[in-house]
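Engineer:
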Amino acid sequence: MSPQKLYLVTLTAEERSCLQGLISKGKAAARKQLHARILLKADVSEGQSWTDEEIAKALETSRPTVERVRRRFVEEGVEAALNRKKRPAPPPKIMDGKAEAHLIALACSPAPEGRARWTLHLLAGRMVQLRYVEHVSHETVRQTLKKTSSNLG
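Set out below in structure tokens:
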């Protein structure tokens, strides 16, 4: 006996027809066709649906994929289940080319008085103090310096 499914796929006649048309044309992306097949096999509206394991085995995919498609259908609808999620735009870069140049020049300059060498925290603080950037973490400084091929040692 299989565990009770948390997300039951119940397709309307129109949705079922649309998914079958999508598969029969064969013009859609393979991933989209796979998700359409998963939804058709998971549909409970026309009697008995397949288990996630049966669907995964029949369609040569993983059980988590079947579960994910089923969940997205129930929570967000058929379009969301078929199509990829839109990824959010990456946050804007804190350091542009000009700020990177200032950072490298600062790192190559003599260390502050009382210090043997620059630390990432000191560099980050000085970049803000000199108003090359509004704010910057020591990790951003580290990653920026790592990109350069200069040897500060």
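Using the numbering used here, read the sequence shown as starting at 2 and increasing by one per residue. Think of the CB as a built atom: it goes at the ideal place given N, C-alpha and C, for glycine as much as any other residue. Quick caveat, the model's predicted, so the values are computed rather than measured.
Quick check: the segment 123-140 against the segment 82-94, are at least 3 beta-carbon pairs closer than 8 Å?
Structural biologist: These segments do not touch.
Engineer: Which partner residues does Asp-44 have in the DSSP bridge list?
Structural biologist: Counting from 1 along the sequence shown, the entry for residue 44 is found at position 43. Val-10, per the DSSP bridge assignment.
Engineer: Whole angstroms are fine: how far does the CA of Trp-119 sit from the CA of Pro-113?
Structural biologist: Indexing the sequence shown from 1 puts residue 113 at position 112. Indexing the sequence shown from 1 puts residue 119 at position 118. C-alpha separation (whole angstroms): 7 Å.
Engineer: Measuring only the C-alpha atoms, how far is Phe-74 from Leu-40?
Structural biologist: As a working note, residue 74 is residue 73 in the sequence shown. As a working note, residue 40 is residue 39 in the sequence shown. For Phe-74 and Leu-40, the distance between alpha carbons rounds to 8 Å.
Engineer: Only counting the same chain, and skipping five residues up and downstream in sequence, which positions put a Cβ closer than 8 Å to that of Val-129?
Structural biologist: Taking the first residue of the sequence shown as position 1, residue 129 is located at position 128. Excluding positions up to five away in sequence, the list reads Glu-135, His-136, Val-137.
Engineer: Does the structure place the segment 21-32 close enough to the segment 44-61 that three or more beta carbon pairs sit under 8 Å?
Structural biologist: no
Engineer: For Ala-100, does the three-state DSSP call read helix, strand or coil?
Structural biologist: Stepping through the sequence shown from its first residue, residue 100 is reached at position 99. Correct three-state label for Ala-100: helix.
Engineer: Leaving out five residues before and five after Arg-116 in sequence, what residues of the same chain have Cβ atoms less than 8 Å from its Cβ?
Structural biologist: The residue given as residue 116 occupies position 115 in the sequence shown. Only Leu-123 meet the Cβ criterion.
Engineer: So, do the segment 8-19 and the segment 34-48 have three or more beta carbon pairs nearer to each other than 8 Å?
Structural biologist: When Cβ pairs closer than 8 Å are counted between the two stretches, the segment 8-19 is seen to touch the segment 34-48, the count reaching three or more.
Engineer: Cα separation between Ser-3 and Ser-63?
Structural biologist: Here residue 3 refers to the residue found at position 2 of the sequence shown. Here residue 63 refers to the residue found at position 62 of the sequence shown. Low confidence applies to Ser-3: its pLDDT is 48, below 50, so where it sits in the model is not reliable, and the reading given next is rough at best. Their Cα atoms are separated by approximately 17 Å.
Engineer: Would you identify the three-state DSSP class for His-139, choosing helix, strand or coil?
Structural biologist: Here residue 139 refers to the residue found at position 138 of the sequence shown. Three-state result, His-139: helix.
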